[in-house]
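The structure under discussion appears below in the form of structure tokens.
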Amino acid sequence: MAGGRGQGTGDRSCQNRCREYRRDLAVQQKTIFISYRRADNLREARALFERLSREFGHDKVFIDLAGIQPGEDFVTLLHDLLANCAVLLVLMGPGWASGKRSDGRRRLEDPNDFVRIEIGAALKRGVRVIPVCFDGAEMPAEAELPEELRPLVRRQAVAMDFNRFENDIRPLIEGVRTVLEATPPAAAPVQSHAPQTVAVQKPRQARWGFALLAAMAALGLAAQAVAPRWFQSASIQEPVMQALVASQALAVSGGQAVQGREAAFTEQAAARATLENSLHTIRTAAPAGAEAGSLEALLPIATRSLKGAQAIGSQQKNIVDAEAASRQVSKLESNLLEQAETVHSLMLQRRSTPVQLAVATDLVMLTQRIPKSVGGFISNAGVSSEVVFQLGKDLNSFRELTQALLNGSDELRLPAVNSDAQLRQAIQRLQQGYETVRSQCSIVLGSLQGFVTAREAHQQIVVDSAPLRAALEQLRKDAEASPRGRLWAIVFAAGLLAGAAGWFGAFGALGTLLRRQTQATKS
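Here the sequence shown stands for residues 104 to 626, numbered as in this note's numbering.
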């Protein structure tokens with residue numbers, strides 16, 4: 104949210120939800136908070152709000168401070184809302200960090216900027232912050248951010264294209280779902296209205312006192328034995344959630360990388376590093392039992408995905424160079440076509456032989472088919488052997504036909520163009536244009552093996568994406584199902600206190616008994 108925050112949006116339902124949300128603040132309901140600038144990402148924010156609302160419910164998604172009452176402290180309200188927020192989505196467009204106010208000052212330099220307040224409060228409270236980069240936007244450098252926002256650059260971002268909104272939002276939905284499932288809303292406190300009575304402890308016999316102290320000590324020992332495993336299991340939750348988001352980002356960025364989008368390689372490298380670090384933490388912290396079985400099923404799938412991402416990254420130069428060459432061929436297409444049509448037109452004017460006109464017509468056709476074949480290398484359909492064969496054949500045919508048209512060919516029964524200087528110059532210009540296109544095509548053909556390697560690796564990542572997510576979810580469920588849940592945590596915490604009290608009580612009782620025996624002996 105940003106820009107004109109003090110004004111309502113006019114959306115009556117949004118106002119009612121805001122008022123209900125503030126009334127039910129004590130319930131501590133976990134929500135999804137969307138932070139954006141209206142001047143930059145209003146369209147994307149509304150689309151994201153509607154999609155997440157359909158997925159999680161309108162009561163789970165918050166987008167605007169609509170319905171704020173006159174005179175109410177909206178900064179305090181903002182902090183209250185973020186205190187009960189599980190996920191903060193930061194929408195970033197290409198000019199998110201460099202956006203300026205009317206006075207020329209960067210918005211992020213203003214301490215009262217709402218986006219800065221939202222992100223800073225969320226980071227300070229430990230809320231899960233997910234940057235969402237739209238339409239090629241990249242994460243800002245640390246130096247571009249205020250000090251309290253600099254931890255944002257270490258958060259794994261999700262890249263989205265509004266034209267591919269439904270496809271790109273899937274990893275984000277899965278990541279948000281994981282956070283919401285892992286952090287259940289806190290229940291409202293239950294107040295007891297039963298009358299309180301003061302228990303009057305009656306003297307007990309010494310043997311019952313020692314038995315009680317011994318039981319408390321035993322409970323404390325049991326709690327001390329199991330509590331480390333509970334805390335160890337709890338430490339799995341965060342890396343598992345990070346691995347879930349990173350695994351989905353790996354598939355999305357990999358698909359964009361094999362199409363030659365250079366920024367996607369950086370995004371995939373970040374996702375791969377996050378997944379590797381998360382797996383290392385999981386392997387280190389995972390306790391024995393059901394979690395060990397889930398971890399054993401998870402590791403081979405994750406290892407394949409990491410190797411696939413590494414294979415795609417190793418072909419970055421080949422793929423990026425080929426994509427640039429393909430764009431250059433597309434730019435040269437119209438010029439080459441114009442030169443071929445000029446040759447064809449001159450031959451019609453000279454009343455050339457039918458064979459010469461047929462060759463000129465073939466050259467016009469080749470100027471369109473060669474760029475189309477080059478574009479097939481970068482398309483989602485992948486590289487086929489037919490496309491490679493056709494491109495090589497067309498390049499050779501173009502060179503041979505222009506040579507035959509210029510110098511003549513006994514095989515094709517073509518006379519040489521010697522006396523017509525204008526036609527000869529037109530054919531020579533066509534040859535020069537062809538050589539420029541051929542050099543770019545050679546770059547594309549030279550990257551063939553790299554494309555094949557990267558596409559096969561990405562296909563394997565996509566195939567493993569669903570099993571990897573299922574394995575991570577199973578590991579998370581096994582960790583939650585093990586005897587380290589909320590109830591066990593309370594029991595073992597009480598056991599630790601009881602054990603400590605038991606041991607201290609035992610020593611105290613023993614000291615009292617010894618003093619009494621000493622006094623009895625003296626008497």
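Cβ coordinates follow ideal geometry from the N, Cα and C atoms, glycine included.
Indicate whether the contact test is met: 3 or more Cβ pairs, each with one atom in the region 521-531 and one in the region 567-585, closer than 8 angstroms.
no
At least three beta-carbon pairs within less than 8 angstroms, the region 210-223 to the region 133-150
yes
Quick one: what's A262 bridged to in DSSP?
Numbered from its first residue, the sequence shown carries residue 262 at position 159. In the DSSP output, where bridge partners are listed per residue, A262 has C236.
Neighbour-count burial assignment, M344, 16 or more Cβ in a 10 Å radius
On the sequence shown, position 241 is the one that residue 344 refers to. Classification of M344: buried, given that the 10 Å Cβ count is 16 or more.
Contact set for A438: own chain, Cβ-Cβ below 8 angstroms, skip 5 residues either direction:
On the sequence shown, residue 438 is found 335 positions in, with the first residue counted as 1. The question names Ala, but residue 438 in the sequence shown is Asn. For N438, where only same-chain residues beyond five positions count, the Cβ hits under 8 angstroms are G536.
Would you check if the distance between the CB atom of A557 and the CB atom of V423 is smaller than 8 angstroms?
As a first step, residue 557 is located in the sequence shown; it is residue number 454 there, counting from the start. As a first step, residue 423 is located in the sequence shown; it is residue number 320 there, counting from the start. Not in contact: A557 and V423 (Cβ atoms no closer than 8 angstroms).
Which residues in the same chain have their Cβ closer than 6 angstroms to the Cβ of A507, if we skip the five residues on either side of it in sequence?
Counted from its first residue, the sequence shown places residue 507 at position 404. The answer, listed in chain order, is L515 and L517.
Cβ contact check for the region 365-375 and the region 409-420: 3 or more pairs under 8 angstroms
yes
Please report the straight-line C-alpha distance between V232 and F554, rounded to a whole angstrom.
Start at 1 with the first residue of the sequence shown, and residue 232 comes out as number 129. Start at 1 with the first residue of the sequence shown, and residue 554 comes out as number 451. Computed Cα separation, rounded: 35 angstroms.
With DSSP as the reference, label D231 as helix, strand or coil.
As a first step, residue 231 is located in the sequence shown; it is residue number 128 there, counting from the start. Before going on, a small fix: residue 231 reads as Arg here, not Asp. Of the three classes helix, strand and coil, the one that applies to R231 here is strand, per DSSP.
Close-in-space but distant-in-sequence residues of the same chain around K496 (CB under 6 angstroms, 5 per side omitted)
Your numbering for residue 496 matches position 393 in the sequence shown. Closer than 6 angstroms at the Cβ level, and outside the excluded window around K496, lies no residue.
For the region 472-481 and the region 559-571, state whether three or more C-beta atom pairs, one from each stretch, are separated by less than 8 angstroms.
no
Excluding five sequence neighbours on each side, which residues of the same chain lie with their C-beta closer than 6 angstroms to the C-beta of E245?
Locating residue 245 in the sequence shown gives position 142, where the first residue counts as 1. Only R253 and V256 meet the Cβ criterion.
L283 to A148 span [Cα, whole Å]
Counting from one through the sequence shown, the residue named residue 283 turns up at place 180. Counting from one through the sequence shown, the residue named residue 148 turns up at place 45. Using only the alpha carbons, I get a separation of about 20 angstroms.
Start and end of the alpha helix (DSSP H) containing I137?
The sequence position of residue 137 within the sequence shown is 34, counting from 1. Premise fails: I137 lies in the beta strand (DSSP E), T134 to S138, not in any alpha helix (DSSP H).
Along the alpha helix (DSSP H) that carries L151, what are the first and last residues, could you check?
Within the sequence shown, numbered from 1, the residue matching residue 151 stands at position 48. Where L151 is concerned, the enclosing alpha helix (DSSP H) stretches over R141 to F159.
Leaving out five residues before and five after D474 in sequence, what residues of the same chain have Cβ atoms less than 7 angstroms from its Cβ?
Position 371 of the sequence shown, counted from the start, is the residue given in the question as residue 474. The sequence shown places Pro at residue 474, rather than the Asp named in the question. Contacts found: V432, S433 and E436.
In the DSSP assignment, find the unbroken alpha helix (DSSP H) run with L449 in it and report its ends.
By one-based count along the sequence shown, residue 449 stands at place 346. Residues Q419 to Q452.
Classification of S488 by the beta-carbon crowding that lies within 10 angstroms, buried from 16 upward:
Position 385 of the sequence shown, counted from the start, is the residue given in the question as residue 488. Burial call: exposed.
What separation, rounded to the nearest whole angstrom, lies between the Cα atoms of V462 and F501?
Taking the first residue of the sequence shown as 1, we reach residue 462 at position 359. Taking the first residue of the sequence shown as 1, we reach residue 501 at position 398. The alpha-carbon atoms of V462 and F501 are separated by roughly 10 angstroms.
Assign N144 to buried or exposed, taking buried as 16 or more other Cβ atoms, counted over all protein chains shown, within 10 Å of its Cβ.
In the sequence shown, residue 144 corresponds to position 41, counting from 1. By the 10 Å Cβ count, N144 comes out buried.
I need the DSSP call for A189, collapsed to helix, strand or coil.
Taking the first residue of the sequence shown as position 1, residue 189 is located at position 86. If DSSP states are grouped into helix, strand and coil, A189 belongs with the strands.
So what's R209 in DSSP terms, helix, strand or just coil?
The count along the sequence shown starts at 1 and reaches residue 209 at position 106. In the structure shown, R209 sits in a strand (DSSP, three-state: E or B).
Could you spell out where the alpha helix (DSSP H) holding T539 opens and where it closes?
Mapped onto the sequence shown, residue 539 falls at position 436. Unbroken alpha helix (DSSP H) run through T539: A524 to G549.
For L248 versus L211, is the C-beta spacing smaller than 8 angstroms?
Residue 248 sits at position 145 when you count from the first residue of the sequence shown. Residue 211 sits at position 108 when you count from the first residue of the sequence shown. Closer than 8 angstroms, so yes.
Cα separation between L275 and R157?
Taking the first residue of the sequence shown as 1, we reach residue 275 at position 172. Taking the first residue of the sequence shown as 1, we reach residue 157 at position 54. C-alpha separation (whole angstroms): 14 angstroms.
Nearest-angstrom Cα distance between E559 and Q359?
On the sequence shown, position 456 is the one that residue 559 refers to. On the sequence shown, position 256 is the one that residue 359 refers to. Straight-line Cα distance between these residues: approximately 14 angstroms.
Is E365 closer than 8 angstroms to A262 when the C-beta atoms are compared?
Here the question's residue 262 lines up with position 159 in the sequence shown. Here the question's residue 365 lines up with position 262 in the sequence shown. No, the pair does not count as a contact, with Cβ atoms beyond the cut-off.
Along the chain, where does the alpha helix (DSSP H) containing R280 start, and where does it finish?
As a working mapping, residue 280 is identified with position 177 in the sequence shown. Per DSSP, R280 belongs to the alpha helix (DSSP H) from F268 to A285.
Closest by C-alpha distance to I530, when choosing among L440, E576 and K420
As a first step, residue 530 must be located in the sequence shown, where it is residue number 427. Selected option, being the one with the closest Cα: L440.
Would R572 and S350 be called neighbours here (beta carbons separated by less than 8 angstroms)?
By one-based count along the sequence shown, residue 572 stands at place 469. By one-based count along the sequence shown, residue 350 stands at place 247. Contact flag set, yes.
If I measure Cβ to Cβ from V446 and keep anything under 6 angstroms in the same chain, skipping five residues before and after, which residues do I get?
Here residue 446 is taken as the residue at index 343 of the sequence shown, counted from 1. If we look at V446 and ignore the five residues flanking it on each side, its Cβ neighbours are A463, A529, I530 and L533.
Do you know offhand how far G160's Cα is from S417's?
As a working note, residue 160 is residue 57 in the sequence shown. As a working note, residue 417 is residue 314 in the sequence shown. Straight-line Cα distance between these residues: approximately 42 angstroms.
Cα-Cα separation, R146 to K203
Looking up residue 146 in the sequence shown gives position 43. Looking up residue 203 in the sequence shown gives position 100. Their backbone Cα atoms lie some 20 angstroms apart in a straight line.
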